[in-house]
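Those sequence lines, one after another, are chains V and X. Residues 929 to 1209, numbered by this note's numbering, are exactly what the first sequence covers, in order. Residues 128 to 377, numbered by this note's numbering, are exactly what the second sequence covers, in order. Every residue gets a Cβ at the ideal spot worked out from N, C-alpha and C, and that includes glycine. Before any comments, here is the structure.
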Amino acid sequence: MDYEIVVLTNMAIGILFALSLNVITGFCGQVSLGHAAFLGIGAYTSAILTKAGWPLVATFLPAMAMAALVGLVVGMASLRVRHDFLAITTMGVVFLFTGIVRKQDFLGGEIGIAGIPAPDFGRPGLLVMALACVLLYLIFTIRIRKSWAGFAYDSIAEDEDTARLLGVNVPRFKLFAFVAGTAGAGLAGALYAHQVRFIGPDSFGFVESISVLAMVIVGGIGSIWGVILAAAALSALPQFFQIIDDFKLLVYGLLLFGAMRFAPDGVDGLLRRLFQRGTAP
Amino acid sequence: MKVSRLSVSDVTVSFGGLRALEKVNLELDDNQLLGFIGPNGAGKTTLMRVIMGLIRPQSGTVCLNGTDITKLPTVQRVHAGLALGQQIVKPLRQMSLLDNVALAVGGQKLLSPLHALLARSRNVERDTASSLLERVGLGTEMQKRPNEVPLGHLKRLEVARALALRPELLLLDEPLAGLSKPEASAMADLIAGLPRSGLSVILIEHNLPEVMRVCPNIYVQANGRGLALGPADEIMAMPEVRQAYLGKDV
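And the structure:
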């Protein structure tokens, strides 16, 4: 039973993490190759606070705030650079993050932070909490999708110059996406730290950033349900099959390549096409 | 004192060593339709882009209704009453023609993400958008995607979308380009009917017969300098205008 709970909790954290990138990359169209840095910021913030005696729930807000603060700064970069250059900039963020963490003694340096206290409410409690966080964040992203914010993001993701000429305040919407997305990653990080109870700089590197990007792209950029499906599957698989875990970058890289080449709109698009074929006269 | 709808003063723009605009001045009152002509490379689109804030001039000012907007970003100019119909149509291809226009009707909702999050219904905006699409003759194609309609209709969509911004000054950059003769003529008629109290239109066009037919006044630019501004027939009779257009003395 314990093992199933661990797998499910990891899935929930993976889904939350992927949904948070989906706001930035899926809705707003801003490629991010460094999203794991924000997972890391949330994890470190929360771990330090619970080790100092804070209850886990109380660390959620600071974890989100720290991640969002750095997210805001990276978001400002997105106002100046676009497309490939933004991808490279965000890639730099994750290297910068791990580089800085490695050198800070109070963050545990190379060794990381061990002995993160178990949540008072035990593993099942952590699962329930993770599911509650996923649910709340899911409601939030559905709200974005269905509201005028989603409408505006559609225009920005397609052509931000035209969006601007139609009166969309592009910089503000971009910054909002970065803040909302990185705050979500920070929250996922807080849960993650208390799930594994040991964190180090290697847990939040480039590989993790590519993994979460693969979840979003395989699911279908911008599609909430597709991303949930892909994130659930891709975060569970390495737990069941050791070989996938060993060759994570290779597997996720192939999946990314395969999705971009054969199903640019991801699982969501594939299912849609299948469904349409099924109902066509 | 009467305030001009648009007032461009001494605007200079250089791209590297190239002077695209040299101390250009332009005044426009309310309820006007101004034809804006000039040979290729005259700096027409550059001036439009300066007015919209897509290019920052090295010197000079742009005023809308007497307010200096030279330093305002594009989106704020749009909300202050400027709209641009671009030469190369840029529809949002992932949404219907109706939603392309409805988005532009959104106004305040597009300024702040928090405001946008609280607003869900698009019904009011879609109603306005559908009447605008009717007005430009796209009433039967509202639900189509941009990829499903011909260029002539996308040109009309561009106009409808610009009107959706409720502009006080509408800039149209070659809306007739690429259209067949009857289409161009119908589009020119549509544009001729736009100016009213509260709305002036500047029409950049190479299609001189149509410009002469619908525009009471014409502004001519050549080599980045303003050449002449006045009633259409007088302007076309001026030797310097004919020279700029035909490239030799006539």
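Using a cut-off of 9 Å between C-beta atoms, extract the partners of residue i located in chain X.
i         : result
V:Lys1074 : Arg247
Is there a Cβ from chain V that is less than 8 Å from the Cβ of residue i?
i        : result
X:His333 : no
X:Thr201 : yes
X:Pro240 : yes
X:Met81  : Because residue 81 of chain X is not part of the residues shown, which for chain X are 128 to 377, the question remains open.
X:Leu99  : Given that chain X is displayed from residue 128 to residue 377, the structure contains no residue 99 of chain X and the question cannot be resolved.
X:Leu330 : no
X:Met175 : no
X:Met222 : yes
X:Leu321 : no
X:Arg106 : Since the first residue of chain X shown is 128 and the last is 377, residue 106 of chain X is not available in this structure.
X:Leu225 : no
X:Leu292 : yes
X:Leu211 : yes
Using a Cβ cut-off of 7 Å, pull out every chain V residue sitting near residue i, in sequence order please.
i        : result
X:Lys236 : Trp1076
Taking the alpha helix (DSSP H) that residue i belongs to, which residues open and close that run?
i         : result
V:Ser948  : Asp930 to Leu949
V:Val1001 : Leu984 to Arg1008
X:Asp360  : Ala359 to Ala364
X:Thr188  : Per DSSP, X:Thr188 belongs to no alpha helix (DSSP H); it is in the beta strand (DSSP E), Ser186 to Leu191.
V:Ala1085 : Trp1076 to Glu1086
V:Leu1097 : The residue asked about is misnamed: residue 1097 of chain V is Asn in this sequence, not Leu. No alpha helix (DSSP H) contains V:Asn1097, which DSSP labels as neither H nor E.
X:Arg176  : Lys171 to Met179
V:Ala965  : Ala964 to Lys979
V:Leu1183 : Lys1176 to Phe1190
X:Arg262  : Asn250 to Arg262
V:Ala1015 : His1011 to Lys1031
So, is the C-beta of residue i closer than 8 Å to a C-beta in chain X?
i         : result
V:Gly1095 : yes
V:Arg1092 : yes
V:Ser948  : no
V:Asp1087 : yes
V:Phe1101 : yes
V:Phe1104 : yes
V:Ala1208 : Legend: pLDDT at V:Ala1208 = 47, less than 50; position of this residue unreliable, value from coordinates given subsequently. Judged by the 8 Å Cβ criterion, V:Ala1208 is not in contact with chain X.
Using the beta-carbon of each residue, which ones in chain X are nearer than 7 Å to residue i?
i         : result
V:Ser1083 : Leu219 and Leu230
Residue i touches chain X at which residues, Cβ-Cβ below 8 Å?
i         : result
V:Asp1098 : One point to set straight first is that residue 1098 of chain V is Val, not Asp, in the sequence displayed. Simply Val202.
V:Arg1071 : Leu244
Given that residue i touches chain V, what residues does it touch there, using C-beta distances under 8 Å?
i        : result
X:Val205 : Arg1092, Leu1093, Leu1094 and Gly1095
X:Arg288 : Leu1094
Residue range of the beta strand (DSSP E) that residue i falls in?
i        : result
X:Ser134 : Leu133 to Phe142
X:Leu335 : First-last for X:Leu335: Leu335 to Val341, but that is the alpha helix (DSSP H), not the beta strand (DSSP E).
X:Gly162 : Leu160 to Ile164
X:Arg272 : Per DSSP, X:Arg272 belongs to no beta strand (DSSP E) and is neither H nor E.
X:Ile345 : Asn344 to Ala349
X:Glu149 : Leu145 to Leu155
Using a cut-off of 9 Å between C-beta atoms, extract the partners of residue i located in chain V.
i        : result
X:Gly233 : Trp1076, Phe1079, Ala1080, Leu1094, Gly1095 and Val1096
Assess contact between the segment 156-175 of chain X and the segment 1060-1076 of chain V, defined as three or more Cβ pairs (one per stretch) separated by less than 8 Å. Is contact present?
no
At a cut of 8 Å, does the segment 1121-1138 of chain V reach the segment 1027-1044 of chain V through at least three beta carbon pairs?
Yes, the segment 1121-1138 of chain V is in contact with the segment 1027-1044 of chain V.
Inter-stretch contact (C-beta, 8 Å, three-pair minimum) for the segment 1089-1101 of chain V and the segment 968-977 of chain V
no
Contact between the segment 1090-1098 of chain V and the segment 1179-1199 of chain V (3+ Cβ pairs under 8 Å)
no
I'd like to know if the segment 208-227 of chain X and the segment 1115-1122 of chain V are in contact, where contact means that at least 3 CB-CB pairs between them fall below 8 Å.
no
If you scan the segment 292-330 of chain X from start to end, which runs of the beta strand (DSSP E) of 3 or more residues do you find wholly inside it?
296-300
What are the uninterrupted segments assigned as alpha helix (DSSP H) that are 4 or more residues long and contained completely in the segment 1111-1161 of chain V, given in chain order?
Listed in chain order, they are 1134-1147.
Restricting to runs no shorter than 4 residues, where is the alpha helix (DSSP H) found entirely within the segment 198-246 of chain X?
If we require 4 residues or more, the alpha helix (DSSP H) runs fully inside the segment 198-246 of chain X come out as 201-207, 224-232 and 240-245.
Please confirm if the segment 336-347 of chain X is in contact with the segment 357-367 of chain X, defined as three or more CB-CB distances below 8 Å between the two stretches.
yes
Touching by the beta-carbon criterion (3+ pairs, under 8 Å), the segment 176-185 of chain X and the segment 196-208 of chain X:
yes
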